[in-house]
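Asker:
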Amino acid sequence: MANLEIELFRCRSDNFGVLLHDPESGKTASIDAPEEQPILDALTRRGWTLTDIFTTHHHQDHVEANLALKARFNAEITGPKNEADKIPGIGFAFGDGGQFSFAGHPVEVIETPGHTAGHICYYLPQDRLLFAADTLFALGCGRLFERGPRDMWQSLLNLRKLPDDTVVYFGHEYTMSNAKFALTIDPQNAALRDRVKEIEATLASGGHTAPTTIGVERATNPFLRADDAGIRKHLGMEGAEDWEVFAEIRARKDKF
562 MANLEIELFR CRSDNFGVLL HDPESGKTAS IDAPEEQPIL DALTRRGWTL TDIFTTHHHQ
622 DHVEANLALK ARFNAEITGP KNEADKIPGI GFAFGDGGQF SFAGHPVEVI ETPGHTAGHI
682 CYYLPQDRLL FAADTLFALG CGRLFERGPR DMWQSLLNLR KLPDDTVVYF GHEYTMSNAK
742 FALTIDPQNA ALRDRVKEIE ATLASGGHTA PTTIGVERAT NPFLRADDAG IRKHLGMEGA
802 EDWEVFAEIR ARKDKF
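Per our numbering, the sequence shown starts with residue 562, numbered consecutively.
(1) What number of angstroms, rounded off, separates the C-alpha of residue 572 from the C-alpha of residue 750?
(2) So, is residue 655 buried or exposed, given that buried needs 16 or more other C-beta atoms within 10 angstroms?
(3) Looking at the unbroken beta strand (DSSP E) that takes in residue 589, where does it start and where does it end?
(4) Can you tell me which of the three DSSP states residue 727 falls into?
(5) Of the choices 717, 776 and 687, whose alpha-carbon is the least far from that of residue 667?
(6) Please state whether DSSP places residue 638 in a helix, a strand or coil.
(7) Which full runs of the alpha helix (DSSP H) of 4+ residues lie inside the region 603-678, going along the chain?
(8) Look at the alpha carbon of residue 623 and the alpha carbon of residue 788, and state the distance between them as a whole number of angstroms.
(9) Please name the residue or residues paired with residue 578 in a DSSP beta bridge.
(10) On a CA-only basis, which of 812, 564 and 579 is nearest residue 693? Give me that one, please.
(11) Can you find the residues in the same chain that come closer than 6 Å, C-beta to C-beta, to residue 740, ignoring five residues on each side of it along the sequence?
(12) Using DSSP bridges, identify the partner residues of residue 681.
(13) Compare the C-alpha of residue 702 against each of 684, 691 and 736 and name the closest.
(14) Counting beta carbon pairs with one atom in the region 706-720 and one in the region 605-612, are three or more of them shorter than 8 Å?
(15) Quick check on DSSP: helix, strand or coil for residue 795?
(16) Is residue 638 closer than 8 Å to residue 651 when the C-beta atoms are compared?
(17) Below 8 Å between beta carbons: does that hold for residue 742 and residue 771?
(18) What is the residue span of the alpha helix (DSSP H) that residue 812 lies within?
(19) For the alpha helix (DSSP H) that residue 752 lies in, which residues bound it at each end?
(20) Mapping DSSP to helix, strand and coil, what is residue 781?
(21) Could you have a look at residue 773 and say whether DSSP puts it in helix, strand or coil?
(22) From the DSSP output, read off the bridge partner residues of residue 694.
(23) Check for me: the alpha helix (DSSP H) holding residue 710 runs from which residue to which?
(24) Does the Cβ-Cβ distance between residue 674 and residue 716 come in under 8 Å?
(25) From the DSSP output, which residues share a beta bridge with residue 701?
(26) Determine the burial state of residue 679: buried for a count of at least 16 other Cβ atoms within 10 Å of its Cβ, exposed for fewer.
(27) To the nearest angstrom, how far is it from the Cα of residue 669 to the Cα of residue 763?
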């Protein structure tokens, strides 16, 4: 089985577009469909033909191009079972624990309620790939629009337990803002300070901060570290439950 190829590019003002391609079968999936033209440009650049769209949640900046791309390529749209009525053009719907195959590569669906009620992530265990969209960002997590902090904390724990070498693609280039905030929550974290310098250099050279890995996020992302003793002490929340610490971190980021 050939390794999957990935094309990463920018859409809209700060969205990431991602194409996943199997060179043997020619199948190509777009992770969400934020904007039609950048996706078409990426397909042309690589000489690929779109066959699938893997939708993570119903927000407009992730589904805007669904119908246009489906009409153009007859692409099959897969999406979250608990938001199926909100996903334009959906053909297949999966909830937590759902499994399917992409060009022979197993795909597992992890439901991650928080940002939206039915948000799902796509995990390819053999390829060590996670498409986390707006649940987990580099040094951040999505805003809690449709579920509360207890639910989101559990969703993040479910991602945090994946293997450290899992490569994570996420939905938005928010990393510099997230980095500045993370330093206010976890100022004694040397790994975080080193990472912030790397991020500054990457962005200064015109690069992307995606992808990241579960291991890097586990070590530096404050939203995955609400159970860390140093963070709890820094926030004066040593006796609080983990999800309550997470809630405080999320509330501070909302005002940052």
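C-beta: ideal position from N, C-alpha, C; glycine also.
These figures come from a predicted structure and were not determined experimentally.
Answerer: Short version:
(1) 32 Å
(2) It is buried - the Cβ of residue 655 has at least 16 other Cβ atoms within 10 Å.
(3) 589-592
(4) If DSSP states are grouped into helix, strand and coil, residue 727 belongs with coil.
(5) 687
(6) strand
(7) 621-624 and 627-634
(8) 31 Å
(9) 570
(10) 579
(11) Sequence-distant Cβ neighbours of residue 740 in its own chain, meaning closer than 6 Å and more than five residues away, are 700, 757 and 760.
(12) 672
(13) 736
(14) Short answer: they don't touch.
(15) helix
(16) yes
(17) Result no, Cβ atoms of residue 742 and residue 771 do not sit closer than 8 Å.
(18) 803-816
(19) 751-765
(20) helix
(21) strand
(22) 731
(23) 710-721
(24) yes
(25) 698
(26) It is buried - the Cβ of residue 679 has at least 16 other Cβ atoms within 10 Å.
(27) Looking at the two C-alpha atoms, the distance is approximately 31 Å.
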